[in-house]
Amino acid sequence: MKTFLILLLISSTHLFSQKLLTPSNSGIDPQLIQDETSEAVWYTENAGQKIEIGNITTQIKKLNATDLLIMTTVKMKQTPNTHWVDSTLVKTASLQPIHHSSFNMARDMAFTYHKNKVTGYYLDKKTQKKDDIDMPATHYFDSSSYPTLIRFLPLKEHYTAEISIFDYNPSAVKKGMMKAYIQSVEKGDYQSKKVWIVKTADDITEKSTTVTYYIDPETRKILKQDIESGTRKMSMETIK
Numbered sequence: 025m026k027t028f029l030i031l032l033l034i035s036s037t038h039l040f041s042q043k044l045l046t047p048s049n050s051g052i053d054p055q056l057i058q059d060e061t062s063e064a065v066w067y068t069e070n071a072g073q074k075i076e077i078g079n080i081t082t083q084i085k086k087l088n089a090t091d092l093l094i095m096t097t098v099k100m101k102q103t104p105n106t107h108w109v110d111s112t113l114v115k116t117a118s119l120q121p122i123h124h125s126s127f128n129m130a131r132d133m134a135f136t137y138h139k140n141k142v143t144g145y146y147l148d149k150k151t152q153k154k155d156d157i158d159m160p161a162t163h164y165f166d167s168s169s170y171p172t173l174i175r176f177l178p179l180k181e182h183y184t185a186e187i188s189i190f191d192y193n194p195s196a197v198k199k200g201m202m203k204a205y206i207q208s209v210e211k212g213d214y215q216s217k218k219v220w221i222v223k224t225a226d227d228i229t230e231k232s233t234t235v236t237y238y239i240d241p242e243t244r245k246i247l248k249q250d251i252e253s254g255t256r257k258m259s260m261e262t263i264k
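Numbering (our numbering), first residue to last: 25 to 264.
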């Protein structure tokens with residue numbers, strides 16, 4: 025009887041545990057990935073009113089038979105002459121990361137992804153403090169590319185998963201290997217279109233921030249993102 029209860033407990037734990045997604049175990053459909061350029065308006069909410077704070081252009085481009093470039097350019101409304109440029113190079117078939125760089129007014133960073141570690145640097149422009157990165161890491165996605173990953177997963181109602189990611193921020197409590205979480209997937213409507221509504225969180229914000237994606241089930245384009253962090257609410261609405 026005791027042995028049976030132990031086996032039942034193990035089976036139940038396995039049954040209700042979430043799947044951990046890695047580049048070798050994600051189930052993405054690379055046939056869904058096509059070259060595209062999209063533009064979204066970034067809003068913040070204040071006293072129930074939407075206020076435009078920036079514009080985001082995202083480009084997805086196949087560089088060759090194996091490599092995919094994901095590039096995001098952010099233009100803030102208050103500083104229109106300065107751009108935030110974020111580039112990630114991944115393998116198209118699996119989104120396995122190769123290189124990531126991000127440059128803005130506050131900091132620069134560049135990472136190279138190896139099989140068992142991540143190398144690179146993080147430069148705080150205000151303090152001029154530079155962190156040289158050489159950290160162990162295995163079986164992971166780049167943290168900036170997992171929103172792209174979500175688009176191409178085998179989404180269905182009640183789908184949940186954990187995603188193995190790498191992220192580095194010197195001011196964060198947790199650095200290096202961590203997880204993102206697909207908490208729920210539901211069918212819904214957005215601007216008279218049928219969509220997947222995908223709710224996510226991650227260890228980068230210690231699950232304090234929720235991002236909800238509205239994804240076209242046919243094109244897999246992200247039509248909108250809702251971001252909630254405590255009482256702060258933002259959204260990104262695709263306009264083309």
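Every residue, glycine too, gets a C-beta built ideally from N, C-alpha and C.
With distances taken between CB atoms, is the gap from residue 188 to residue 45 smaller than 8 Å? In this structure, residue 45 lies closer than 8 Å to residue 188 by Cβ.
Going by other Cβ atoms of all chains shown within 10 Å of its Cβ, with 16 needed for buried, is residue 85 buried or exposed? Residue environment: residue 85 is assigned as exposed (fewer than 16 neighbouring CB atoms within 10 Å of its CB, all protein chains considered).
For residue 229 and residue 161, the rounded distance between their alpha carbons: Straight-line Cα distance between these residues: approximately 20 Å.
Measuring straight from C-alpha to C-alpha, what distance separates residue 59 and residue 71? Near 38 Å, if we compare the C-alpha coordinates of residue 71 and residue 59.
Output the distance between the C-alpha atoms of residue 126 and residue 164, rounded to the nearest integer angstrom. Approximately 19 Å between the Cα atoms of the pair.
For the beta strand (DSSP E) containing residue 233, name the first residue and the last one. According to the DSSP assignment, residue 233 belongs to the beta strand (DSSP E) that extends over 233-239.
Closest Cα partner of residue 223 within the set 156, 232 and 215: Residue 223 has its Cα closest to that of 232, out of 156, 232 and 215.
Could you work out which residue in 144, 171 and 237 is closest to residue 200 when comparing CA atoms only? Distances from the alpha-carbon of residue 200 to those of 144, 171 and 237 put 144 closest.
Please confirm if the stretch 178-192 is in contact with the stretch 132-148, defined as three or more CB-CB distances below 8 Å between the two stretches. Taking one beta carbon from each stretch, the stretch 178-192 and the stretch 132-148 have 3 or more pairs nearer than 8 Å; the two touch.
How close, in whole Å, do the beta carbons of residue 166 and residue 203 come, if the pair is a contact with beta carbons under 8 Å? Residue 166 to residue 203, Cβ: 14 Å. No contact.
Comparing alpha-carbon positions, which option in 121, 181, 170 and 176 lies nearest residue 205? Of the listed residues, the one whose Cα sits closest to residue 205 is 170.
Which residues share a DSSP beta bridge with residue 119? Looking at the DSSP assignment, residue 119 forms no beta bridge with any residue, so it has no partner.
Residues in the same chain with beta-carbon distance under 6 Å from residue 69, minus the five sequence neighbours each way, listed in chain order, please. 257, listed in sequence order.
Which word fits residue 185, buried or exposed, when buried means at least 16 other C-beta atoms lie within 10 angstroms of its C-beta? Classification of residue 185: buried, given that the 10 Å Cβ count is 16 or more.
Express the C-alpha separation of residue 115 and residue 121 in angstroms, rounding to a whole number. Separation of residue 121 and residue 115 (C-alpha to C-alpha, rounded to the nearest whole angstrom) is 7 Å.
What's the call for residue 87, buried or exposed, on a 16-neighbour Cβ count within 10 Å? By the neighbour-count definition (other C-beta atoms within 10 Å, threshold 16), residue 87 is an exposed residue.
Under 8 Å, do residue 76 and residue 101 count as touching if we go by C-beta distance? Result yes, Cβ atoms of residue 76 and residue 101 sit closer than 8 Å.
For a test of the three-state rule: what should DSSP assign to residue 83, helix, strand or coil? Strand, per DSSP.
In angstroms, rounded to a whole number, what distance separates the CA positions of residue 48 and residue 107? The alpha-carbon atoms of residue 48 and residue 107 are separated by roughly 34 Å.
Among all the DSSP beta bridges, which residues are the ones paired with residue 185? The partner list for residue 185 (beta bridge, DSSP) reads 43 and 206.
Which listed residue (81, 213, 235 and 183) has its alpha carbon closest to that of residue 110: Ranking 81, 213, 235 and 183 by Cα distance to residue 110 puts 81 first.
Could you give the DSSP three-state label for residue 170: helix, strand or coil? DSSP places residue 170 in helix when its eight states are reduced to three.
Can you tell me which of the three DSSP states residue 280 falls into? Given a span of 25 to 264 for the chain in the structure shown, any question on residue 280 remains unanswerable.
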